[in-house]
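For the record, the sequence lines run as chains P and A. With UniProt numbering, the residue at position 270 of the first sequence is 270, and numbering never jumps. With UniProt numbering, the residue at position 329 of the second sequence is 329, and numbering never jumps. C-beta atoms are modelled at their ideal positions from N, C-alpha and C, and glycine is treated no differently. Please read all numbers here as calculations on a predicted model, not as lab measurements.
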Amino acid sequence: MGLQTNGLSLEIVGREISGRPVPGKPRRPAGPYLLGLPALVLSCLLLVPIGVTVVAAFRTPAGFGFGNFAVMTDPGALRAVGNSLLWVLVAFGIVVIGFFLALLSYRLPAVTTFLQPALVIPFAVSVLVSGATFRLLFDPTPERGTVTAVWTWLFGTSPVWLGPGLFWLVLVSAFGWTWLGYVVSLFRAGLDAIPDDVTRTLTAEGVRGWRRLRALEIPLLRPITGVVTLTVVIAAVRVFDLILIVVPGSMQRSADVLGLNWWRATTSGDDPGRTAALGVVLFAIVAAVGLIGVRGLRRRRWAMPVTVVRPDPSLGRPKPRRSVRRFGWLVGLAVALVWIFPAVVLVITALHSPAEAGVRGWWSASGLGFSSFAAAANVGLFRALLSTLIIASAATAVLLVIAVPTAYLVAWGGLPMRVGRTVMAVFVVLAVTPVQMYAAPLRDAIDAAGLAGSRIALALVHAAAGLPFAVLLLRSAFASAPPALVSEALQGPVRQSAVLATVQRTYRPALIAVAVLEFALVWNDFIVGFLISGPGTTPLSLVLWGEARQFSASSGPVAAAAVVASIVPVVLMLSFWRTVVRGLTTGSRP
Amino acid sequence: MPSSRRAFLGAAGALLLTGCSSDVLGLRRAVRVAVSWSGQELRAFHKVLDGLGTLEYPVEVVPLGDDISTAFGARSTRRPDIVMLPQPGLVPRHLDDLEPMPDDLAPLGRARLWDELLTHNGTTYGVPFKTAHKSAVWYRPSVFEQAGVQPPRLWSEWLTVNRTLTQAGITPLSLAAGDGWVLTDFLENVLLGIAPSVYVGLAAATDPRPSRQPQFGAALRLLGTMWSAPGALAGGVKESLVQQFPDALIEVFGHRRAAMVLASDFAEPVVRSFAADPDDIGLFTFPPMSPGAAAPVVVGGDVMVLPKPTRDDARDLVRRLSAPAAADPWIKEGGFLVDGRVSGYTPELTRLAMQLTKPGEQLQFDLSDQLGRLGDINGLWRVLTDFLVQVGGRGAAVVPGAVDDAINELRTVEES
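Okay, here's the thing in structure tokens:
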């Protein structure tokens, strides 16, 4: 039976009880467990190498112990740890700034009209590309570097932006440019989901400013804060290719981070036990941050009730005055223009000939054309793009096929409480595991199996690495609409459109979010492909190793390659961004 | 629209299938060539490969930049089939990882100078592909005329030229300190100029200890004298540190902010493509350190080596690449010298090629390559970068202290 009133639709589904009640525990059928089998097999691709690394870290010639961790007394490693921790701080800073920007955009209506796409583009491109973009912007010569040129014009002289100490500014700008859009979008989605009556009540009670923030926004956004902090911090600790492309060789050792230090140690043939110990330290830092982040998530249930019925638009937030709207619109436009500026610089640089781009900045009017693209194509860019397309598609397909049943099992498969919790904990830990923990043993195994260089093996590794996050995300989406409800809705006597709408609104965005994010992640990946199958396979590694040795002289081809490599993820993200944000936030709505 | 969706999926599947040729899937073994080149050099090498005609196997070029020595590390991934090693000095250290060259190619590795590095106990482990002359100074003749100076024929004259230029308001030197090998090349030229026997001794030693050689300190002192002159370096130390090798060339010929730059023959394409005035390009070779001494010539190059185990396809590619005409497309691009060949280059490069083949010259291979770990990014590169930071533009008074610090730092690296 159904009931509809005031835009609220209630549907009650009943069924007669048949048979008599039986005492005892319900039988748990074993069938659903089979759903988790593929995930288990795939996860072993990570779990076994991680185990090998941990054992290697603690095994010394004299037996098991902490001997290998003496590597941490090495001043280089210490500096790397310090820098990695500094990156964690940077991540927290970006989360805080992003929160206030989201708040600002929420209070100031119409800001997001232009801002949204401007914020999404940097998130869609890889960190390597944004690193290259900012290195172009901060080039030390006033003829090429935009910032140096403006500074020289204003003050007569300019600091050497890529010089000692100052390169941090360039690194942090590039990192922030990439991630701030993601942070703001997610917070904004959370703010939009705050019920209006709560806001109105608080306003009526005269709660404002800092008190209102503490009473309303901060507690209600806590689950989203958890997701956001987790992703940004993990990205910060994994910073690797960004440093390789931004920091000039003479200063790279002062910018060293744990991931880089580990890589240099493995390539220079250091004792594997010591490099494994470095990996374990990196892992410990990330895992600590991850667990704290997840604690924030656990405060609330992951699966939040989802608004079943679209709220009556007349009950929404009052429409602001026209002048306010226009002001917000202008502010949004201005911020969007500033935010999109680096991307514009990249594209225009790519449209200059290599000789022109190497000598003069993007504002120069001569030498326009496509010769830089031709130069970039010359070094095998398209072959690498095709191979990346295959790897990314295969990884996404495998991931979806395996993650959906697993998430279903975890959400509704009737796992005993304890098993369910353990599985979730393992997935959280796997989601934050840095690639250094499994790269070395995995690549040895792949080499030994004669699969070195196989794109399929690489795609499987990518799928395995993406699996934990996908399952976490899908689980919370699935949990918000029970399968019984769905089948009732589909097969019941009355088609229950409201329930189906719920399913549509939760399952689909989550699935799309998983697919789009995985595809973009694999497409933009540098480190997994580089550490597992060596350099030269991905377009980005071609850009880095093929051009970075002569960065500014190859500005044109570097920019062209970066633009070509970014088109696919940018288009994908721009078309699906709203759905992705909805998918990311379904499970963590207040 | 189920039908259109099905059509789309079908098309996508067909596209994927055609794209999944075994080559792209990585199933068919391509011959992987690891190179350190980037930018224009990399493109020129691709032209060389294209010029070889159709091959029976795909060739994959893997640019490794300055990390080329990782190509045959013990745990390297996807070990390349051919390494274009830019540090021939590394060959003797990796004999166990390398396959001997086939008999028909072996004589190429026994050419003058190369045989010391490439041949061991009668077996040849590499053949030269590209020769580099690392004692060339590119300059702008117009500013030399403006200041009334000539290219120096002695080290002391060079210092005078620098002083005269500075007084005329022209910055004499541009230095690519962002690339450590540029700094080591500078030092090697000075050391080879003042003490060839010490240079040879260090290159041959199994456990080289440069910090114990007083001549090494003397070379540092001389170098410090040039670098410490106020206003000698374009942009000062800070900008030098962020300059990569082509940036320093652009600084001289593109932005015209300095008069000269120590660079190799392979600087030529960069100089020519970025020069604001294509006729204002000059070249002199590193002058002798004292009257009567021979001018130092530091030689580098890229040698082709075959990591173990090798395949017939890789041997075939080496054979094709070492054919006399193989490098012609690159020679046409400029900045390429073939061992023993003196014709077919631009006038500047011909002069360098002549010096490389002239008997009686003080020719030696790059020292830093032969020092092992001591000569790389954590050794001499770092020591010289710190040395430059200490002395650059600060006047001669700081040099002795900086030399002591550099020697101490070097000793720490030696002992670790």
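### Query
Are the beta-carbon atoms of A:Y139 and A:M289 separated by less than 9 angstroms?
no
### Task
Tell me whether P:Y33 sits in a helix, a strand or coil according to DSSP, three-state version.
helix
### Message
I'd like the list of long-range same chain contacts for P:S528, defined as Cβ closer than 7 angstroms, with 5 residues on each side in sequence excluded.
### Response
Before going on, a small fix: residue 528 of chain P reads as Val here, not Ser. Excluding residues within five positions, the ones whose Cβ falls inside 7 angstroms are V435, V461, H462, A465.
### Query
Sorted by chain position, which residues of the same chain lie with C-beta nearer than 7 angstroms to P:L278's C-beta, five sequence neighbours on each side aside?
Exclusion of the five residues before and after P:L278 leaves V71, A77, L258, N261, W262, A265 as the residues of its chain whose Cβ lies within less than 7 angstroms of its Cβ.
### Task
Counting only the same chain and skipping the five closest in sequence on each side, list residues whose C-beta sits under 6 angstroms from that of P:W151.
S158
### Message
Counting only Cβ pairs nearer than 8 angstroms, list the residues of chain A close to P:S552.
### Response
Q244, P246, D247, I250
### Task
List the residues of chain P whose Cβ lies closer than 7 angstroms to the Cβ of A:G360, in chain order.
The premise fails here: A:G360 is roughly 35 angstroms from chain P at the closest Cβ pair, so nothing lies under 7 angstroms.
### Message
Just verifying my parser: in three-state terms, what is the DSSP assignment at A:P230?
### Response
coil
### Query
According to DSSP, what are the bridge partners of A:P347?
Bridge partners of A:P347: none, in fact.
#### Entry: Inter-residue spacing [alpha-carbon to alpha-carbon] between P:A334 and A:P400
55 angstroms
### Message
Using beta carbons (cut-off 9 angstroms, strictly below), is P:M573 in contact with chain A?
### Response
no
### Query
In chain B, what lies closer than 8 angstroms to P:A548 by C-beta?
Structure shown: chain B not included; protein chains present are P and A.
#### Entry: Which of helix, strand or coil DSSP assigns to P:R79
helix
### Query
Using CA coordinates, which residue listed in A:P210, A:A147, A:P58 is at the minimum distance from A:V403?
Comparing Cα-Cα distances from A:V403 to each of A:P210, A:A147, A:P58, the minimum goes to A:P210.
### Message
Please determine whether the Cβ atom of A:E157 lies at a distance below 8 angstroms from any heavy atom of the ligand SAM.
### Response
The ligand SAM is not part of this structure, which contains no ligands at all.
### Task
Return the residues of the region 357-370 of chain P that lie within a Cβ-Cβ distance of less than 8 angstroms from chain A, sorted by chain order.
G358, V359
### Task
Taking A:A44 as the reference, give the member of P:P416, P:G556, P:A375 with the closest Cα.
P:A375
### Residues bridged to A:V83 (per DSSP)
A:A34, A:V305
### Task
Assign A:D279 to buried or exposed, taking buried as 16 or more other Cβ atoms, counted over all protein chains shown, within 10 Å of its Cβ.
exposed
### Task
Would you mind sorting A:N408 into buried or exposed? The rule is 16 or more other CB atoms within 10 Å of its CB.
exposed
### Message
Counting only Cβ-Cβ distances shorter than 8 angstroms, please list the residues of the region 250-267 of chain A near chain P, keeping chain order.
### Response
I250, E251, G254, H255
### Query
Quick one: what's got a C-beta closer than 6 angstroms to A:V143's C-beta in the same chain, skipping five residues either side?
I170, A259
### Query
Going by C-alpha distance, which of A:A314, A:E414, A:G393, A:E361 is nearest A:R382?
Minimum Cα distance to A:R382 is reached at A:E414.
### Message
By the DSSP assignment, the beta strand (DSSP E) with A:T130 in it spans what residues?
### Response
The sequence given here places Lys at residue 130 of chain A; Thr does not occur at that position. Element bounds for A:K130: 126-133.
### Query
Using a Cβ-Cβ distance under 9 angstroms, would P:A355 count as near chain A?
yes
### Query
At a Cβ cut of 8 angstroms, what residues of the region 123-147 of chain P count as close to chain A, listed as they run along the chain?
P140, T141, E143
### Query
Sorted by chain position, which residues of the same chain lie with C-beta nearer than 7 angstroms to P:P219's C-beta, five sequence neighbours on each side aside?
none
### Query
Considering only residues of the same chain and omitting the five flanking positions on each side of P:L108, which have a CB-CB separation below 7 angstroms?
G328, V331
### Residues near A:L15 by beta carbon distance below 7 angstroms, same chain, minus five either side
Per-residue confidence for A:L15 stands at a pLDDT of 49, beneath the threshold of 50, marking its modelled position as unreliable; the derived number appears in the next sentence. If we look at A:L15 and ignore the five residues flanking it on each side, it has no Cβ neighbours.
#### Entry: For A:W138: DSSP bridge partner residues
In DSSP, A:W138 forms a bridge with A:V261, A:L283.
### Nearest candidate by alpha-carbon position, reference A:T310, set A:R79, A:F245, A:G224, A:S36
When only C-alpha atoms are compared, the closest one is A:R79.
### Task
Could you tell me which chain A residues have their CB closer than 7 angstroms to the CB of P:L162, listed as they occur along the chain?
Ordered by position in chain A, the residues that pass the 7 angstroms Cβ test against P:L162 are V242.
#### Entry: CB contact flag (A:Q362, A:A294, <9 angstroms)
Yes, Cβ-Cβ distance for A:Q362 and A:A294 is below 9 angstroms.
### Task
Give the interface partners of P:V379 over in chain A, defined as CB-CB distance under 7 angstroms, in chain order.
Here the neighbours are L42, R43, H46.
### Task
Measuring only between beta-carbons, confirm whether P:S173 sits less than 9 angstroms from chain A.
no
### Query
Given that a residue counts as buried once 16 or more other Cβ atoms are within 10 Å of its Cβ, and exposed if not, what is P:S371?
Per the 10 Å Cβ criterion, buried.
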